[in-house]
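> Okay, here's the structure, questions in a sec.
Number of protein chains: 2
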Amino acid sequence: MRRGDTLFFSAPPKIIATGTIAGPKESAGPAGRYVDRALSDDMFGEDTFERAERAMLRYAVERAAENAHLAASDIEAMFSGDLLNQIISASFAARELDVPFLGMYSACSTMTESMALAALTADGGYAKYAVAATGSHFASAERQYRFPLEQGTTRPPQSQWTATGAGACVISTEGEGVSIVSATIGRVTDYGVTDVNNMGAAMAPACARTLAAHFRDTDTCPDDYDLILSGDLGVLGSDILRDLCREKGYDISAKHADCGALIYPDAGREYQGGSGAGCCAIVFNSYVYALMRSARLKRVLFAATGALLSTVSSGQGESIPCISHAVELRSGQK
Amino acid sequence: MRRGDTLFFSAPPKIIATGTIAGPKESAGPAGRYVDRALSDDMFGEDTFERAERAMLRYAVERAAENAHLAASDIEAMFSGDLLNQIISASFAARELDVPFLGMYSACSTMTESMALAALTADGGYAKYAVAATGSHFASAERQYRFPLEQGTTRPPQSQWTATGAGACVISTEGEGVSIVSATIGRVTDYGVTDVNNMGAAMAPACARTLAAHFRDTDTCPDDYDLILSGDLGVLGSDILRDLCREKGYDISAKHADCGALIYPDAGREYQGGSGAGCCAIVFNSYVYALMRSARLKRVLFAATGALLSTVSSGQGESIPCISHAVELRSGQK
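Sequences listed follow chains L and X, in order.
Anchor point for the first sequence: position 312 equals 312 in our numbering, and the numbering is continuous, going up by one each time.
Just add 1000 to the spot in the second sequence (first one is 1) and you have our numbering.
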């Protein structure tokens, strides 16, 4: 069923297991205790940043399958994408995994886009086990989007730090887990921000719009949720999000947390926090999923956010179009 | 229902309308008589190649909606992607269209990936009208993947020519049209080709694998189809595809055509033919769709093919992973 921009799953598919891996900096934050693998070296044994990124993505998928007591070959559909040009991390990981592969691109909202489509596919009876997965790597993103690390460029105070790591979840109509009750599909939103160092400000309007659409379509309000989790707006972007939601008539301040703001122990001091597709993939699939499985969180609205720019679009003077897809999650539903 | 890698739609969604636009070179070929708009200037009134590409994609979606007697705002889900880094053509077009947007990346197999997921979404009752769309532009692709045009680089004989143009189709469970009966989801396949000028050879194994999976899952053979349409293997790649299919026990030679081999009037003389996400988007949504609507073609297996490389992956010495998603189409089914 559909209402507005929200899809409702009648027999909600469940996230039956997750797999996560995080870099050293990311493992030092609150998610560090919950990830399947906390790395001491962000090269993960590979010789390039890009190979390390794809190896982490592959690890997350294989680990999620293992945690679900499945072989990787049991996966009937893999929904995945990443930040690198032509999503090479996902494509090359899918080559090794050898499973039916559907390539996604939604920048840092790839996690929830993939979860929504995997849930839809499972719900329709088209896959017994579908996987949603994404990741990112600080060093590969820096040199693609900004400057080579060797250049030692100073980062401005409004910037965020691309998270190193990956997260994956197995979605199925069978078994126990966290239910995906509904999904609100985002619309591209652009308030005219052109500062490529201020992604939080660029993405907040898309997130506010999707949250408002979700509350409207589901006839709910922020108080109905234990947690409203945005993707990677960071500290500054989170402030903007709460303001924009208030303008739309929704006070989310008591329920809101942001993966970017909470992933690093020192967020708010040196930077605005984490970003990158891997940021919310790590935080959700480790920390938040664990809290939901133990029913410490019962109802969560998870809205990852993505900035759909490229170096070419910015170079041609375009502002930053953004999007946010949301999934509504419940613990303990049969 | 699912069997193997193939999804079967019990009440098949239909392609109720299409929209197409093609550059001057593409309009000179057999699809030229069938496209909604044949351009005499491939800049389409814009000041950069990238802006021209996105304007074409937007035109195709709006024209498809118009041909379905819909407003663009009636579209409940837009599945789209393109070849440019971070799929800026699709994202920026979706910003203007202001519809729920799901970003795809499957290189030149984006058309069939999008059609498969749009059909799945419509079939599940999650969208009354879903759109699948993609496009490409020779000049934006050349400067991103290869060399600036101004450099005047000589093209090798095994190369293909990225098509300029776009195609879109409206998929619905209501109305008359061409039914999407099933979809076979591709697996990433890599036979070790490293020549970035020989995409046809790189992609043919992925296409052969998907076709064989489709025949196996649907218990059909090539003779059951009026047309087996590959995406953009070109002349040389098509030869390889037919050989690989024969090795797998399927002789497709009497039924096979390739969008890349047929899009240009002079294919086989100067180049191996067309390529780019727009190539099969133009040919299928104009020429082939028209032949299906008039029932001159009754059953078509459409397998677009994509090469999932990037300049970074090739620069790091990787071979070219490829994929092919297929959709099975029938005319005149209620």
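Glycine is no exception: its CB is placed at the ideal position from the N, C-alpha and C atoms.
Source: prediction; values computed, not measured.
How big is the Cα-Cα spacing for residue 187 of chain L and residue 1080 of chain X?
Counted from its first residue, the first sequence places residue 187 of chain L at position 187. Counted from its first residue, the second sequence places residue 1080 of chain X at position 80. Using only the alpha carbons, I get a separation of about 13 Å.
> Please tell me whether residue 326 of chain L and residue 211 of chain L are closer than 8 Å, where the distance is taken between their beta carbons.
For this step, residue 326 of chain L is matched to residue 326 along the first sequence. For this step, residue 211 of chain L is matched to residue 211 along the first sequence. Going by C-beta atoms, residue 326 of chain L is nearer than 8 Å to residue 211 of chain L.
> Work out the CA separation of residue 225 of chain L and residue 1313 of chain X for me, nearest whole Å.
For the purposes of this step, residue 1313 of chain X is taken as residue 313 along the second sequence, with counting starting at 1. For the purposes of this step, residue 225 of chain L is taken as residue 225 along the first sequence, with counting starting at 1. So the alpha carbons of these two residues sit roughly 43 Å apart.
> So, with DSSP's three-state summary, where would you put residue 91 of chain L?
Here residue 91 of chain L refers to the residue found at position 91 of the first sequence. In this structure, residue 91 of chain L counts as helix in the three-state DSSP scheme.
> In or out: residue 1151 of chain X buried (at least 16 other Cβ within 10 Å) or exposed?
Translated into the one-based positions of the second sequence, residue 1151 of chain X becomes position 151. Under this definition residue 1151 of chain X is an exposed residue.
> Any idea if residue 1262 of chain X is buried or exposed, counting beta-carbon neighbours within 10 angstroms, 16 or more meaning buried?
Looking up residue 1262 of chain X in the second sequence gives position 262. The residue is buried, with at least 16 neighbouring Cβ atoms inside 10 Å.
> With 16 as the cutoff for other CB atoms within 10 Å, does residue 1005 of chain X come out buried or exposed?
The count along the second sequence starts at 1 and reaches residue 1005 of chain X at position 5. Label assigned to residue 1005 of chain X: buried.
> What ranges does the alpha helix (DSSP H) occupy inside the region 88 to 166 of chain L, keeping only unbroken runs of at least 4 residues that lie completely in it?
Correct list: 88 to 97, 110 to 123, 138 to 145.
> Unbroken alpha helix (DSSP H) runs of length 4 or more, entirely within the region 198 to 248 of chain L: which are they?
Listed in chain order, they are 199 to 218, 234 to 247.
> Note down, in chain order, each residue of its chain lying with its Cβ closer than 6 Å to the Cβ of residue 1278 of chain X, except the 5 sequence neighbours on either side.
For the purposes of this step, residue 1278 of chain X is taken as residue 278 along the second sequence, with counting starting at 1. So the list reads 1135, 1136, 1163, 1165, 1166, once near-sequence residues are dropped.
> Residue 278 of chain L lies in the alpha helix (DSSP H); which residues open and close that run?
Within the first sequence, numbered from 1, the residue matching residue 278 of chain L stands at position 278. Residue 278 of chain L -> alpha helix (DSSP H) spans 277 to 283.
> Taking residue 944 of chain X as the reference, which of X:1076, X:1239, X:1022 has the closest Cα?
An answer regarding residue 944 of chain X cannot be provided, because it is not within the stretch 1001 to 1334 covered by chain X.
> Residues of the region 1085 to 1099 of chain X with a CB closer than 7 Å to any CB of chain L: list them in chain order, please.
Correct list: 1085, 1086, 1087, 1088, 1091, 1092, 1094, 1095, 1098, 1099.
> Run down chain X in chain order and give the residues with a C-beta less than 8 Å from the C-beta of residue 127 of chain L.
As a first step, residue 127 of chain L is located in the first sequence; it is residue number 127 there, counting from the start. Those are 1002, listed as they occur along chain X.
> Helix, strand or coil for residue 328 of chain L? Go by DSSP, reduced to three states.
Start at 1 with the first residue of the first sequence, and residue 328 of chain L comes out as number 328. Strand, per DSSP.
> Are the C-beta of residue 316 of chain L and some C-beta of chain X separated by less than 8 Å?
Translated into the one-based positions of the first sequence, residue 316 of chain L becomes position 316. Yes, residue 316 of chain L counts as interfacial toward chain X.
> For residue 1007 of chain X, which residues does DSSP report across the bridge?
Here residue 1007 of chain X corresponds to residue number 7 of the second sequence, with the count starting at 1. DSSP lists X:1002, X:1183 as partners of residue 1007 of chain X.
> DSSP three-state call for residue 1299 of chain X: helix, strand or coil?
By one-based count along the second sequence, residue 1299 of chain X stands at place 299. Here residue 1299 of chain X sits in strand by DSSP.
> Give a yes or no on whether the C-beta atoms belonging to residue 1287 of chain X and residue 1030 of chain X are separated by under 8 Å.
The residue you call residue 1287 of chain X lines up with position 287 of the second sequence. The residue you call residue 1030 of chain X lines up with position 30 of the second sequence. Yes, Cβ-Cβ distance for residue 1287 of chain X and residue 1030 of chain X is below 8 Å.
> Give me the residue from L:170, L:189, L:301 with the minimum Cα distance to residue 230 of chain L.
Within the first sequence, residue 230 of chain L is the residue found at index 230, counting from 1. The shortest C-alpha separation from residue 230 of chain L is found at L:301.
> I'd like the span of the beta strand (DSSP E) that includes residue 1044 of chain X, first residue to last.
Start at 1 with the first residue of the second sequence, and residue 1044 of chain X comes out as number 44. Here residue 1044 of chain X belongs to no beta strand (DSSP E), and DSSP marks it neither H nor E.
> Do we get a CB-CB distance below 8 Å when we pair residue 277 of chain L with the residues of chain X?
Within the first sequence, numbered from 1, the residue matching residue 277 of chain L stands at position 277. No, because no Cβ of chain X sits closer than 8 Å to the Cβ of residue 277 of chain L.
> Please check if any C-beta of chain X sits within less than 8 Å of the C-beta of residue 139 of chain L.
In the first sequence, the residue the question calls residue 139 of chain L occupies position 139. It does not; no Cβ of chain X falls within 8 Å.
> So, does the CB of residue 1190 of chain X fall closer than 8 Å to a CB anywhere in chain L?
Locating residue 1190 of chain X in the second sequence gives position 190, where the first residue counts as 1. So yes, residue 1190 of chain X belongs to the interface.
> Is it the case that the CB of residue 10 of chain L approaches a heavy atom of the ligand ZN more closely than 7 Å?
For the structure depicted, the ligand ZN is absent and the ligand set is empty, with no information on it obtainable.
> Evaluate residue 1001 of chain X with the Cβ neighbour count: other Cβ atoms within 10 Å of its Cβ, from every protein chain shown; 16 or more gives buried, anything less gives exposed.
Stepping through the second sequence from its first residue, residue 1001 of chain X is reached at position 1. Flag for residue 1001 of chain X reads exposed.
> Short of 7 Å Cβ to Cβ, which residues in the region 1035 to 1058 of chain X face chain L?
Taking 7 Å as the Cβ-Cβ cut-off against chain L, the residues of the region 1035 to 1058 of chain X that qualify are 1048, 1050.
> Compare the beta carbon distance of residue 1208 of chain X and residue 1285 of chain X with 8 Å and say whether it is the shorter of the two.
If you number the second sequence from 1, residue 1208 of chain X lands on position 208. If you number the second sequence from 1, residue 1285 of chain X lands on position 285. For residue 1208 of chain X and residue 1285 of chain X, no; Cβs fall outside 8 Å.
> Do residue 1183 of chain X and residue 1119 of chain X count as a contact pair if the criterion is CB distance below 8 Å?
Looking up residue 1119 of chain X in the second sequence gives position 119. Looking up residue 1183 of chain X in the second sequence gives position 183. Result yes, Cβ atoms of residue 1119 of chain X and residue 1183 of chain X sit closer than 8 Å.
> Distance cutoff 8 Å, beta carbons only. Does residue 312 of chain L sit that close to anything in chain X?
Counting from 1 along the first sequence, the entry for residue 312 of chain L is found at position 312. So yes, residue 312 of chain L belongs to the interface.
> Using the beta-carbon count (16 or more within 10 Å), is residue 69 of chain L buried or exposed?
Along the first sequence, one-based indexing puts residue 69 of chain L at 69. Residue 69 of chain L should be labelled exposed.
> Starting from the C-beta of residue 74 of chain L, find all residues in its chain whose C-beta is less than 6 Å away, skip the five residues before and the five after it, and write them out in chain order.
Taking the first sequence and counting its residues from 1, one reaches residue 74 of chain L at position 74. So the list reads 129, once near-sequence residues are dropped.
> Which of the three DSSP states is assigned to residue 1170 of chain X in this structure?
In the second sequence, the residue the question calls residue 1170 of chain X occupies position 170. Strand, per DSSP.
> Can you tell me whether residue 1189 of chain X is buried or exposed, with buried defined as 16 or more other CB within 10 angstroms of its CB?
One-based indexing of the second sequence puts residue 1189 of chain X at position 189. Buried, since its Cβ has 16 or more Cβ neighbours within 10 Å.
> Measure how close the beta-carbons of residue 19 of chain L and residue 41 of chain L come, nearest whole angstrom, since I'm counting them as under 8 Å.
For the purposes of this step, residue 19 of chain L is identified with residue 19 of the first sequence, where counting begins at 1. For the purposes of this step, residue 41 of chain L is identified with residue 41 of the first sequence, where counting begins at 1. Incorrect: roughly 19 Å between the Cβ atoms, too far for contact.
> According to the neighbour-count rule (16 or more other Cβ atoms, all chains shown, within 10 Å of its Cβ), is residue 1192 of chain X buried or exposed?
Numbered from its first residue, the second sequence carries residue 1192 of chain X at position 192. Per the 10 Å Cβ criterion, exposed.
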